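Right, one structure below, let's go through it.
Number of protein chains: 2
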Amino acid sequence: MRLSDTIEQFIKDLMQQEQQAEIDLKRNELAEYFHCAPSQINYVLSTRFTPDHGYVTSSQRGGGGYIRIVRIVRSAPEQLNYLLNERVGDSISAGEAQILCRQLAERKAITAKDAQLMIAATSPAALSAPAPEAVKNVMRARILRSMLLCVAQRPAEASSEVNHHEV
Amino acid sequence: MRLSDTIEQFIKDLMQQEQQAEIDLKRNELAEYFHCAPSQINYVLSTRFTPDHGYVTSSQRGGGGYIRIVRIVRSAPEQLNYLLNERVGDSISAGEAQILCRQLAERKAITAKDAQLMIAATSPAALSAPAPEAVKNVMRARILRSMLLCVAQRPAEASSEVNHHEV
DNA sequence: AAACAAATTGACTTACTTTGACCATCTTGA
DNA sequence: TCAAGATGGTCAAAGTAAGTCAATTTGTTT
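Protein chains in written order, with our numbering: chain A, 1 to 167; chain B, 1 to 167.
Set out below in structure tokens:
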């Protein structure tokens, strides 16, 4: 078994056994534990804990630094993947983004307010900066992607957002 | 937990428990209490109690010297207005945007979820497109501004932080 | 075996925190 | 008045920890 696979499993077991959808790790400790280069940990993260795999990671450098891994629970990973990879893709127009956000709200995958904010963030006004339309569409896609991942990461809301309508 | 975080929390707890928007501290006493260099206190102030964080500090040297921390009090509309017209401006970094959004949530001008969404929309990941940092900061400012306007426009929420009845 | 893909490593970079030496300002008591 | 003492401020260096990238190695496929 590859070292990367072992590390992947180790992390997943940790999350499993702590019943947590979120876990904080110390990159250097992990690397030492597995007798590997610290950057190996980054490799594992970037090949096995991506949004496509249903995870989002973040980190903090410096003293007391950490790597945080959050498993996306709010939505089925496949559906999110569809949205992210096929619907949004690498580039999307303001109009398409708006339609998508409205639909998500209508299906109660996100709240009406989330939708407003997401539409505002991807509106022509928001991106009326000095850049050709093509570049703007690329940025829009990234912004939208970023917000969708954000929504997917947060825990489901109590009563309102019942789980039949997922992102 | 980092020492700086501990000190930050300690100060906030103090203000909380005294129900005061203002507090005077003795730098050396604090440093001694936490067994750290006095300048550590300055570090905490300059990274966690800036105007962006919603605080203003002042101090007095010499005998009977002190450090005074005052929490800025503004209504939600005032705060939004200030950010839109004075603070955000034409260009803003991801870090600054994050601090401002967190601050808005802390003041309950927006919900914690709105803040997460706004941070996601202005994060480095969201704008990791082919463009120099300066251009990205300009775009970030427009995106943030667009979202702030969106929030400012929607009707004031009742007692809504609690969105049990979101639908 | 050649070609391609995946994994591993390490040098270099960036980010955040802690510490300490030296500086500036204010109060107080001869 | 003014020197001594008491504070706080600044800044740069050291310490800690994660990120990037490209070269190399290992494994798989044809």
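We put the CB at the ideal spot given by N, CA and C, even for glycine.
The structure presented is a predicted model; accordingly, all values stated were derived computationally and were not measured.
DSSP places B:Ile41 in the uninterrupted alpha helix (DSSP H) bounded by Pro38 to Arg48.
For the C-beta of B:Ile41, not a single chain A residue is nearer than 8 Å; the gap to the nearest is close to 16 Å. A:Ser123 and B:Tyr66 have their C-alpha atoms spaced approximately 48 Å apart. Where A:Ile143 is concerned, there is no enclosing beta strand (DSSP E), although the alpha helix (DSSP H) around it starts and stops at Glu133 to Gln153.
Residue burial is scored here from C-beta neighbours: B:Lys136 has at least 16 other C-beta atoms within 10 angstroms and is therefore classed as buried. Here A:Ser93 is not near A:Val138, since their CB atoms are 8 Å or more apart.
For secondary structure counted as the beta strand (DSSP E) over 3 or more consecutive residues, the region 42 to 97 of chain B holds these complete runs in sequence order: 55 to 60 and 66 to 71. For B:Ser128, at least one C-beta of chain A is nearer than 8 Å to its own C-beta. With contacts defined by Cβ atoms closer than 8 Å, A:Val70 and A:Ala121 do not form a contacting pair. Residues of the region 137 to 151 of chain A with a Cβ closer than 8 Å to any Cβ of chain B, in chain order: Val138, Met139, Arg142, Ile143, Arg145, Ser146, Met147, Leu149, Cys150 and Val151. Checking the DSSP bridge columns, you'll see A:Glu22 partnered with A:Val70. Residue burial is scored here from C-beta neighbours: A:Ala152 has at least 16 other C-beta atoms within 10 angstroms and is therefore classed as buried.
When rounded, the separation of the alpha-carbon atoms in B:Arg142 and B:Arg87 is 12 Å. Bounds of the alpha helix (DSSP H) holding B:Ile11 are Leu3 to Gln17.
Proximity of chain A to B:Val135 at the Cβ level (cut-off 8 Å) is accounted for by Ala129, Pro130 and Ala131, in chain order. Considering only beta carbons, the part of the region 51 to 67 of chain A lying closer than 7 Å to chain B consists of Gly63 and Gly64, in chain order.
In the displayed model, B:Arg107 falls within coil according to three-state DSSP, outside both helix and strand. Taking 8 Å as the threshold, the shortest C-beta distance from A:Gln103 to chain B does not fall below it.
Here B:Thr111 is buried. Its C-beta has 16 or more other C-beta atoms within 10 Å. When DSSP states are grouped into helix, strand and coil, A:Leu117 belongs to the helix group. For A:Ser123, the neighbours in chain B by C-beta distance under 7 Å run, in chain order, Ser146.
Straight through space, the alpha carbons of A:Glu8 and A:Gln17 are spaced by roughly 14 Å. DSSP places B:Ala112 within a helical segment (H, G or I) once states are collapsed to three.
Residue-level contact check: B:Lys108 does not touch chain A, since none of the beta carbons of chain A fall below 8 Å from its beta carbon.
Those residues of the region 88 to 101 of chain A placed with their C-beta closer than 9 Å to a C-beta in chain B do not exist.
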